[in-house]
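Q: Chains as they are written, first to last, in this note's numbering: chain U, -14 to 59; chain H, -14 to 59.
(1) Using 8 Å as the limit for Cβ to Cβ distance, is residue 43 of chain U near chain H?
(2) Can you pull the chain H neighbours of residue 37 of chain U, defined as C-beta to C-beta under 9 Å?
(3) Using Cβ-Cβ distances below 9 Å, what residues of the segment -1 to 19 of chain H are close to chain U?
(4) Our contact map puts residue 9 of chain H next to residue 11 of chain U with C-beta atoms below 8 Å; I'd like the distance itself, whole angstroms only.
(5) Give the straight-line distance between the Cα atoms of residue 59 of chain H and residue 35 of chain U, rounded to the nearest whole angstrom.
(6) So the candidates are H:-10, H:-6, H:33, H:4; which of them puts its Cα closest to the Cα of residue 53 of chain H?
(7) Please confirm if residue 47 of chain H has its CB atom under 8 Å from at least one CB of chain U.
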């Protein structure tokens, strides 16, 4: 089973959402805080992420609610 | 473990997203097609759903991407 990726920017609401979603998924979830690892913004972008928080499962991007546009994190 | 709810409106993109998300979750997921069971729009609304597709896990609402505002389904 492939790993899921959860991109976020660290706001408390996003982190709470993240934990619920991560706990609910069968597969392991790597949480990527784009505010802390800004070099991974390009990776998120290449996967099709437009805003955070976003969940990527098997190459499919799910933009969950809306925290910030990816462009705000560059 | 409580059941998750997935509200959608039946578009092909939403159904594909729905299947990926439902398969990825540990808990059982009830899929609610609000275009077919419009009497459940009020239930979705009371849970805090603003647009579809939306996933509700343990009372937390996750608006995933954006298909349609709930108001369009009334």
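Backbone N, C-alpha and C define an ideal beta-carbon position, used for all residues, glycine too.
A: In brief:
(1) On the first chain, position 58 is the one that residue 43 of chain U refers to. By this cut-off, residue 43 of chain U is an interface position.
(2) Working through the first chain from its first residue, we reach residue 37 of chain U at position 52. Correct list: empty, because the minimum Cβ distance to chain H is about 13 Å.
(3) Correct list: 1, 2, 5, 6, 8, 9, 10, 11, 12.
(4) For the purposes of this step, residue 9 of chain H is taken as residue 24 along the second chain, with counting starting at 1. For the purposes of this step, residue 11 of chain U is taken as residue 26 along the first chain, with counting starting at 1. Correct: roughly 6 Å between the Cβ atoms.
(5) To locate residue 59 of chain H, count along the second chain from 1; it is residue 74. To locate residue 35 of chain U, count along the first chain from 1; it is residue 50. Distance from the CA atom of residue 59 of chain H to the CA atom of residue 35 of chain U, rounded to whole angstroms, is 29 Å.
(6) As a working mapping, residue 53 of chain H is identified with position 68 in the second chain. Of the listed residues, the one whose Cα sits closest to residue 53 of chain H is H:-6.
(7) Position 62 of the second chain holds residue 47 of chain H. Output row for residue 47 of chain H: interface = yes.
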